[in-house]
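Following: one structure in structure tokens, then a few remarks.
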Amino acid sequence: MSALALLPSLASAASTTAPAFDLERLSLNPTSRAALGTAAGSLREPGELRLALAAHYERSPLTLYRDGERMDSLVGSRTQVQLAGTYTVTKRFEVGAILPLMAHQGTSGFSNVGMTSPSSWGLGTPVLQGRLGLLDETSAPVSLAAELAVGLPVGNKDALQGSGGWDVTPRVSAGRTVGPVVLGLEAGVRLRNRTAVGSNSVGSELPWAATVATTGHKLRGELGLRSAVPLTDSPMPMELLAGGRYALGSRMEVFALGGPGLGTAPGTPAFRVMAGLSVSALQAVQPVIRPRIAETLPPTPAP
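For the sequence shown, the positions run 9 to 311 when my numbering is used.
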């Protein structure tokens, strides 16, 4: 459950405008082959276009504390729709995009402390990303990939969906298959504008995530831990998320993920749930191997 410890002057001010920053801190991979929580250093097959649609609900991602005592949830709930897509250009390179849309946001808590309530809906921060495969566990100890995610400065500032600045996250992900599970780990640097949020400062941080996921063909489960080391005066966020995926044929799967937030950093909800489906709009073209037919040579005439 996140905390926003407002200064007395801020809490008593009339119609104070809410700070402009991106409250959302979850970054999933609904089109990933390995796990929802991390890419685990893997890429999909060359030529594959994977699309995903997800519904996302958060409870109390921004809460007011005063003198260590919980006062009220400034943002009581959030409901978003997320569109995502990934295209694997080559065996070692893929590109993707994520478009979040805020469908509803409960912000009645702002008016209770004399602040102007943010908008209840709006465009989130669109993300463009690229992933470069460096190692593959079929020929190396682990799968390893370098990634770059760039959040465009067009998220709705009036809906706690952006700060008006760029949000850049270079990171590295790694994974290895151990028996029936895939172990995944990712770490990076999130670079964004520093914004004063009450007595906290939301800004750049060092996000990391660890997951363990099963490798079944039909049903796959996963468990993940997500956190970040803040580079500003902000508490450390942490979330424990469990979920699963179920394949509906060779092209489509449904997925669900959820769990509690731990800590008091802005953007860490009491709990969150996400569910959706992903589909291969284009599948990788497998080369057709034709058997070689030996040529029959005419018999050599006798001398």
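Ideal placement from N, C-alpha and C gives every residue a C-beta, glycine not left out.
Where residue i sits in the DSSP three-state scheme
{"i": "T25", "result": "strand"}
{"i": "D166", "result": "helix"}
{"i": "V150", "result": "coil"}
{"i": "S209", "result": "strand"}
{"i": "E56", "result": "coil"}
{"i": "P126", "result": "coil"}
{"i": "R33", "result": "coil"}
{"i": "L18", "result": "In this predicted model, L18 has a pLDDT of only 43, less than 50, meaning its place in the structure is not dependable enough to derive any value."}
{"i": "E197", "result": "The question names Glu, yet the displayed sequence has Val at residue 197. Reduced to three states, the DSSP call for V197 is coil."}
{"i": "T223", "result": "coil"}
{"i": "G45", "result": "coil"}
{"i": "T272", "result": "coil"}
{"i": "S81", "result": "strand"}
Residues near residue i by beta carbon distance below 8 Å, same chain, minus five either side
{"i": "L239", "result": "G211, S212, E213, L214"}
Neighbourhood of residue i by C-beta distance below 7 Å, restricted to the same chain and skipping five residues each side
{"i": "K226", "result": "Y254, A255"}
{"i": "L109", "result": "Q88, V89, L131, G132"}
{"i": "R179", "result": "E155, E194, A195, G196"}
{"i": "V287", "result": "L59, R259, M260"}
{"i": "S17", "result": "Reliability of the predicted coordinates at S17 is poor, the pLDDT of 39 falling under 50, and no value is obtained from them."}
{"i": "T98", "result": "P54"}
{"i": "V205", "result": "L12, P27, F29, P274"}
{"i": "A111", "result": "T87, Q88, V89, W129"}
For residue i, the first and last residue of its enclosing beta strand (DSSP E)
{"i": "S242", "result": "No beta strand (DSSP E) holds S242; DSSP gives it neither H nor E."}
{"i": "G138", "result": "135-143"}
{"i": "S258", "result": "Segment: none, S258 is in no beta strand (DSSP E) and carries neither H nor E."}
{"i": "S288", "result": "279-290"}
{"i": "G183", "result": "175-186"}
Exposure of residue i, with buried meaning 16 or more beta-carbon neighbours within 10 Å
{"i": "A250", "result": "exposed"}
{"i": "D241", "result": "exposed"}
{"i": "P27", "result": "buried"}
{"i": "E130", "result": "The residue asked about is misnamed: residue 130 is Gly in this sequence, not Glu. G130 should be labelled buried."}
{"i": "M260", "result": "exposed"}
{"i": "V83", "result": "buried"}
{"i": "G104", "result": "buried"}
{"i": "S235", "result": "buried"}
{"i": "A148", "result": "exposed"}
{"i": "L136", "result": "exposed"}
Span separating the alpha-carbon of residue i from that of residue j
{"i": "L231", "j": "E247", "result": "11 Å"}
{"i": "A43", "j": "T222", "result": "9 Å"}
{"i": "A92", "j": "S40", "result": "11 Å"}
{"i": "D30", "j": "G132", "result": "8 Å"}
{"i": "T185", "j": "G229", "result": "14 Å"}
{"i": "A167", "j": "R280", "result": "19 Å"}
{"i": "G163", "j": "S171", "result": "7 Å"}
{"i": "G138", "j": "G267", "result": "28 Å"}
{"i": "S207", "j": "P69", "result": "17 Å"}
{"i": "L199", "j": "T177", "result": "6 Å"}
{"i": "A289", "j": "Y95", "result": "10 Å"}
{"i": "A21", "j": "S81", "result": "Low local confidence applies: a pLDDT of 43 at A21 is under 50, so the model's placement there is unreliable, with the coordinate-based value given in what follows. Each residue's alpha carbon lies about 18 Å from the other."}
{"i": "T203", "j": "G257", "result": "46 Å"}
{"i": "L34", "j": "T146", "result": "30 Å"}
{"i": "D144", "j": "Q291", "result": "21 Å"}
{"i": "V189", "j": "V220", "result": "7 Å"}
{"i": "S85", "j": "S209", "result": "22 Å"}
Limits of the alpha helix (DSSP H) - the one that residue i falls within
{"i": "N37", "result": "Taken as a continuous stretch (DSSP letters only), N37 belongs to no alpha helix (DSSP H), as it is neither H nor E."}
{"i": "N120", "result": "116-120"}
Contact set for residue i: own chain, Cβ-Cβ below 6 Å, skip 5 residues either direction
{"i": "A182", "result": "G49, V150, L152, L193"}
{"i": "M2", "result": "In the structure as shown, the chain starts at 9 and stops at 311, and residue 2 therefore has no counterpart that could be examined."}
{"i": "A19", "result": "Summary for A19: the model assigns pLDDT 45, below 50, so the residue's position carries little reliability; its value from the coordinates is reported in the next sentence. Answer for A19: V121, listed in chain order."}
{"i": "L107", "result": "L91, P134"}
{"i": "G173", "result": "P161, N201"}
{"i": "M282", "result": "A62, H64, L265"}
{"i": "P243", "result": "G271, T272, A273"}
CB contact check: residue i to chain D, cutoff 7 Å
{"i": "T222", "result": "The displayed structure is made up of one protein chain only, and chain D is not part of it."}
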